[in-house]
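Novice: The numbering of the sequence shown is the working numbering, which starts it at -15 and goes up by one. We put the CB at the ideal spot given by N, CA and C, even for glycine. Before I ask anything, here is the structure I am working with.
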Amino acid sequence: MKINKKIVQINTVCNTSTGQIMHDIQLAAQREGYDTISFVGRRKVYTDLKCEKFGNFFSFWTHVVLTVLFDCQGYGSFFSTKKLIKRLREEKPDIIHLHNLHGYYLNLPLLFRYLDNEFKGKIYWTFHDCWPFTGHCPYFVMAECDKWKRGCYKCPQKSQYPISLCFDASSLNYRRKKAMFTALESLVIITPSEWMKDLVKASFFNTMQVNVINNGIDIGIFHPCQDIRQLRDVLHKYNIPSNKKILLGVASIWEKRKGLDLFISLAEQIPEKYIIVLVGLTPRQIKRMPKSIIGLVRVESKEELAILYSSSQIFINPSMEESFSLVTVEAMACGTPVIALDTSAVKELVDTESGIVLSENKPEAYIDAIQRIENAEMRREKIAESACKYSKERMVDRVLQLYRE
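Listed below in C-alpha cells is the structure:
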C-alpha cells in the first residue's frame, strides 16, 4: 500500500558507517511505500537507490581552507548548499532526516534558515557523534573537556578534526549552533546509545525530544562461521598464521582515540601463542607495526570480515570514545568475545556473558582480561545470540515507527 510521503536524508557521504545506516533506512522506507531520496556532499552516490551529490571539488577544498584558517566548519560551501536547498524545494519532502552535518560540505546558516522559515514537515537528526553541541570537536572524553555544557572557549582540541591552525572560533561556533539548532521546535533527535542521549540531555538540546535507536548490522552476513575450509582460506589469504590465537581489532581509521598505541604496547607483552591482527591500517602505519601485529589495509568483503571475526579468539576495542560501535556488535554477532572500555557507549553493548568491560586502559588490564575470557570459556552461540537485538531490521523498524508518529 503506497504511503505517498517523501523522505529526504542528508549526510556527508554514502559510504562509511553513517552512509550504510542512511542506506538501510532509505531502502526500508522505500519498501514500505515512501518516496525517498538521499543527498550527499562528497564521494560517490548509491547505485541502487535514488541519491544525488550536491558538492564538488572546489566547494570541498575552499571549505577545508576556511576551516583550517578560521575554524569555520559549517560556514563554507555556500553555492553547493544553495543547490541543495533548490533541490529540497523541488522535492517538497514531508520528512527530512539529517545525519552528519560536518565534513566540509554544508553551509549551516543557509540550511537551517530554510528548515526554520520554509520547511513545514518533520525533521529528524541522528547524532552520530557529539559535534552538534560543541564549538569545535566531535568527541571530548580524551581531552577531559566539559566546556560544551556551558559554552566552549579556548578549545583544547583545536588542532584535531576539524583542524584549525590559526583562529579558535569555538565560542562563536557554540553560540551560533545553539541559536540555529534550538530554533527548530519540531526537531526530533535520534541517538544510537543511552550514553549519547545522556550527553545530549546535558547540552543545550536538553529540552528537546531524544530517542535512542541503536545502530544495526546485517545479521545475515555477521554470524558465526564454522566452515573449516572458509576459515583456513581467509587466514591463508591474509598471511595470518593458523597456529596462533588471534586478537582482532577493526577500525575505519586508526588514530589515538581508537587505541592504536594500546595495541602496539600490548604486542610487546602478550604470550607467543597470540597474534594481533588489525584491519583498517594505512600502508604507512603497517610499516611501523611490530612483528607480533599483522596489519591489513582492508579485507575484500563483509563476508570475509565475518569469517575473520569468527576466526579470532577475542575482539579488542580500546577506543576511548564511541557513540555506538558497529565493529563491536559485528564481532559479537560472529560469536567472538569482546574486551572494551567503559569510557563511552561501547560499555552498553558488552555484558558478562559476551566479554569484559575495563575501567583501565593499560596493557596489563587487557592481558588480565584475555586470561579471564580464556578461563571463562564463553559460549560463542550465546554471544552471537546476544547481538541479534542490534540487527539493522530492528533499527529501521524503529526509525519508520518514528516517521509514522
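Under a three-way DSSP split, which group does Y329 fall into?
Specialist: A quick correction: the sequence has Ala, not Tyr, at residue 329. Helix, per DSSP.
Novice: Could you tell me the alpha carbon to alpha carbon distance between N227 and I212, rounded to whole angstroms?
Specialist: Roughly 14 Å separates the two Cα atoms.
Novice: How is the beta strand (DSSP E) around F299 delimited, first residue to last?
Specialist: Its beta strand (DSSP E) spans residues 298 to 301.
Novice: T65 and L33: beta carbons closer than 9 Å?
Specialist: In this structure, L33 does not lie closer than 9 Å to T65 by Cβ.
Novice: Per DSSP, what kind of secondary structure is F23 in: helix, strand or coil?
Specialist: Looking at F23 - three-state DSSP - the assignment turns out to be strand.
Novice: Between the C-alpha atoms of T0 and N84, what's the straight-line distance to the nearest angstrom?
Specialist: Whole-angstrom Cα-Cα distance: 11 Å.
Novice: Go through its chain and collect everything with a Cβ distance to M304's Cβ below 6 Å, but skip five positions before and after it.
Specialist: Cβ within range, chain order: V125, M126, R241, T327.
Novice: Since I173 is in the beta strand (DSSP E), which residue starts that stretch and which ends it?
Specialist: 171 to 175 is the extent of the beta strand (DSSP E) around I173.
Novice: Should the segment 255 to 275 be called in touch with the segment 171 to 185, which here means at least 3 C-beta pairs below 8 Å?
Specialist: No, the segment 255 to 275 does not touch the segment 171 to 185.
Novice: Can you have a look at S236 and say buried or exposed, based on whether 16 or more other CB atoms are within 10 angstroms of its CB?
Specialist: S236 comes out exposed.
Novice: Leaving out five residues on either side along the sequence, give the residues of the same chain with a beta carbon under 6 Å from the beta carbon of N195.
Specialist: I174, listed in sequence order.
Novice: Which two residues bound the contiguous alpha helix (DSSP H) that contains G204?
Specialist: That residue, G204, is in no alpha helix (DSSP H); it is neither H nor E in DSSP.
Novice: First and last residue of the beta strand (DSSP E) that includes Y258?
Specialist: Run containing Y258: 258 to 263, per the beta strand (DSSP E) assignment.
Novice: Return the chain-ordered list of same chain residues with a C-beta closer than 7 Å to the C-beta of T46, the five sequence neighbours on each side being excluded.
Specialist: Result list for T46: G60, in chain order.
Novice: Is T312 near V322, with beta carbons less than 9 Å apart?
Specialist: Yes; because the gap between Cβ atoms is below 9 Å, this pair is in contact.
Novice: In angstroms, rounded to a whole number, what distance separates the CA positions of D217 and G319?
Specialist: Rounded to the nearest angstrom, the two C-alpha atoms are 19 Å apart.
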